[in-house]
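Residue numbers (our numbering): 437 to 711.
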């Protein structure tokens with residue numbers, strides 16, 4: 437374990453924790469009730485919006501981590517699944533002596549969060565699902581978006597820019613070139629194509645939670661961008677209609693990357709829900 441002085445202003449603890457067949461890398465900072473953030477597909481904990489983390493750390497003890505095989509977390513020997521990554525999250529919480537926390541999952545992280553709350557209900561206080569779905573085939577993205585996602589042509593930079601173009605509304609991107617550089621031109625750590633492919637397979641083989649949603653008895657926030665083209669907002673609306681203790685927040689003029697577009701607004705919605 438290392439302790440460093442974070443740019444966020446709180447003492448930032450970097451941990452390497454043994455969890456089942458892997459060693460997991462995480463950061464813990466801030467004070468208060470624990471808030472666990474679960475990263476989405478194909479990236480590391482370094483992608484979380486720094487401004488949002490700073491706001492969270494003013495109210496909560498924040499835990500971010502690298503999913504199995506990403507960044508400084510080991511790849512392990514077990515097969516990859518959404519349930520397996522939920523087990524990893526629970527194992528990390530136990531290793532950090534956190535019996536219960538509020539949980540925020542983004543995109544693939546929201547799938548992991550759903551499995552976490554059903555597999556380990558006592559470990560979850562309140563649940564926030566950002567850019568979530570409960571069944572990938574129910575309200576899928578357009579064929580054009582799917583084609584862009586699966587297009588492997590060009591250089592890594594060209595492929596990266598195609599992906600970034602799916603995260604934000606076009607008009608917002610045109611006026612925020614400098615902001616895009618701040619978000620994406622910083623070190624992300626190790627992102628393996630092999631592990632990304634395993635994550636993709638895990639998402640594809642996930643059976644979803646459609647039939648279990650009425651059994652979810654935690655206060656749940658569904659937060660989504662009105663212009664999200666990757667996980668279209670109808671998914672969040674459907675989930676809010678079927679989860680008993682849920683709230684729906686649709687942020688106008690925001691895409692899949694709404695936490696980067698409007699970090700202060702994102703925090704305000706989360707803080708009001710978690711208070």
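Even for Gly, the Cβ is constructed at its ideal location relative to N, Cα and C.
Indicate whether residue i and residue j have their beta-carbon atoms separated by less than 9 Å.
{"i": "residue 560", "j": "residue 537", "result": "yes"}
{"i": "residue 549", "j": "residue 564", "result": "yes"}
{"i": "residue 700", "j": "residue 491", "result": "yes"}
{"i": "residue 610", "j": "residue 655", "result": "no"}
{"i": "residue 569", "j": "residue 667", "result": "yes"}
{"i": "residue 504", "j": "residue 466", "result": "no"}
{"i": "residue 513", "j": "residue 457", "result": "yes"}
{"i": "residue 705", "j": "residue 639", "result": "no"}
{"i": "residue 567", "j": "residue 707", "result": "no"}
Between the options, which has its C-alpha nearest residue i's C-alpha?
{"i": "residue 471", "options": "458, 528 and 605", "result": "528"}
{"i": "residue 572", "options": "589, 546 and 595", "result": "546"}
{"i": "residue 486", "options": "707, 695 and 676", "result": "695"}
{"i": "residue 534", "options": "497, 654, 708 and 574", "result": "497"}
{"i": "residue 543", "options": "518, 532 and 678", "result": "518"}
{"i": "residue 646", "options": "619, 630, 678 and 640", "result": "678"}
{"i": "residue 642", "options": "522, 483, 460 and 479", "result": "522"}
{"i": "residue 651", "options": "575, 676 and 640", "result": "676"}
{"i": "residue 493", "options": "541, 629, 468 and 649", "result": "468"}
{"i": "residue 630", "options": "583, 540, 515 and 539", "result": "515"}
{"i": "residue 453", "options": "479, 575 and 500", "result": "500"}
{"i": "residue 653", "options": "557, 483 and 474", "result": "557"}
How would you write the range of the alpha helix (DSSP H) that residue i sits in, first residue to last?
{"i": "residue 636", "result": "629–641"}
{"i": "residue 402", "result": "Because residue 402 is not part of the residues shown, which for the chain are 437 to 711, the question remains open."}
{"i": "residue 581", "result": "579–586"}
{"i": "residue 486", "result": "486–493"}
{"i": "residue 479", "result": "Careful: residue 479 lies outside any alpha helix (DSSP H) and carries neither H nor E."}
Can you round the beta-carbon distance between residue i and residue j to whole angstroms, since I take them to be within the 8 Å contact cut?
{"i": "residue 464", "j": "residue 477", "result": "The pair is not a contact, with the Cβ atoms about 23 Å apart (cut-off 8 Å)."}
{"i": "residue 455", "j": "residue 511", "result": "That pair is no contact at about 13 Å."}
{"i": "residue 507", "j": "residue 625", "result": "4 Å"}
{"i": "residue 709", "j": "residue 562", "result": "7 Å"}
For the beta strand (DSSP E) containing residue i, list its first residue and its last residue.
{"i": "residue 706", "result": "Not the beta strand (DSSP E): residue 706 falls in the alpha helix (DSSP H), residues 699–710."}
{"i": "residue 562", "result": "560–566"}
{"i": "residue 537", "result": "537–542"}
{"i": "residue 465", "result": "458–465"}
{"i": "residue 474", "result": "470–474"}
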